[in-house]
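Adding 4 to a residue's 1-based position in the sequence shown gives its number in the numbering used here. Shown next, in structure tokens, is the structure this report addresses.
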Amino acid sequence: MSNYENKVAELHTTAGDIDIRFFPDVAPNHVKSFIDLAEKGFYNGSKFHRVIPGFMIQGGDPNTISGGPHTWGTGGAEKNLRAEFNSVSHKRGIVSMARSNDPHSASSQFFIVVADSKFLDKQYTVFGQVTKGMDVADKIVGAKRDRNDRPDEPTTITSITIRDARPDEQGPAPQ
């Protein structure tokens with residue numbers, strides 16, 4: 005797991021950049037999967053397809069690259085991940101993997117909570133935290149949306165850069 009420790013993802017989006025530090029100490033397989041997918045360009049061109057003010061923004065669905073909006077939220081990577089539920093609370097800025105009703109169905113979709121959402125604790129795998137760019141997440145969540153929480157003009161992830169974490173971005177997951 006050493007290749008995945010002390011790494012940060014820089015999400016470059018059409019609304020600005022969001023930096024995410026990872027928590028391999030509590031969710032090693034989710035961190036590895038996200039980094040591997042990002043380095044392969046899996047997320048490039050995908051959109052934040054679900055935005056709920058006062059709650060979260062969700063992205064990472066490959067269907068948002070070429071599929072119609074009716075397919076958004078249903079796509080994923082080839083492999084599902086076993087849940088790595090942990091004690092990190094869903095406070096503003098936390099990054100978790102989205103899933104279906106099956107706890108072991110997370111694959112590529114992730115969400116960033118824009119407000120404390122403790123009701124999600126120990127039900128979704130927390131694997132990171134925004135260290136820079138919550139203003140961008142706030143901009144994304146404020147987009148005009150339809151009744152299914154799909155933004156009228158979705159923000160696109162143009163690319164993701166994985167880099168070494170600075171000292172202030174390192175350390176264990178908060179407990």
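Even for Gly, the Cβ is constructed at its ideal location relative to N, Cα and C.
Between the CA atoms of Lys83 and Pro158 - distance to the nearest angstrom: The straight-line gap separating the alpha-carbon atoms of Pro158 and Lys83 is approximately 26 Å.
In DSSP terms, what His108 is bridged to: Checking the DSSP bridge columns, you'll see His108 has no partner listed.
Inter-residue Cα distance where the pair is Gly175 and Asp29: 9 Å
Residues near Ser6 in its chain [Cβ-Cβ closer than 6 Å; skip 5 each side]: Low confidence applies to Ser6: its pLDDT is 49, below 50, so where it sits in the model is not reliable, and the reading given next is rough at best. There are no such residues.
Euclidean distance between Cα positions of Lys122 and Gln62: Spanning the two alpha carbons is a distance of roughly 17 Å.
Close-in-space but distant-in-sequence residues of the same chain around Ile166 (CB under 7 Å, 5 per side omitted): Lys11, Ala13, Ile39, Ala42 and Glu43
Runs of beta strand (DSSP E) wholly within the stretch 35-102 (minimum 3 residues, chain order): 54-56, 60-63 and 98-101
Distance, Ser104 Cα to Lys124 Cα: Before going further, note that residue 124 is Leu rather than Lys in the sequence given. If I take the Cα positions, the gap works out to 13 Å.
Own chain partners of Ala177 with C-beta closer than 6 Å, once the 5 adjacent residues on each side are dropped: Phe27, Asp29, Val30 and Val92
DSSP beta-bridge partners of Arg149: Pro155
Bridge partner(s) assigned by DSSP for Glu173: DSSP, once it has assigned bridges, lists no residue as partnering Glu173.
Delimiting residues of the beta strand (DSSP E) encompassing Lys136: Val130 to Lys136
Any non-hydrogen atom of the ligand SAM within 6 Å of Glu82 CB: The model on display carries no ligand, and the ligand SAM is accordingly not part of it.
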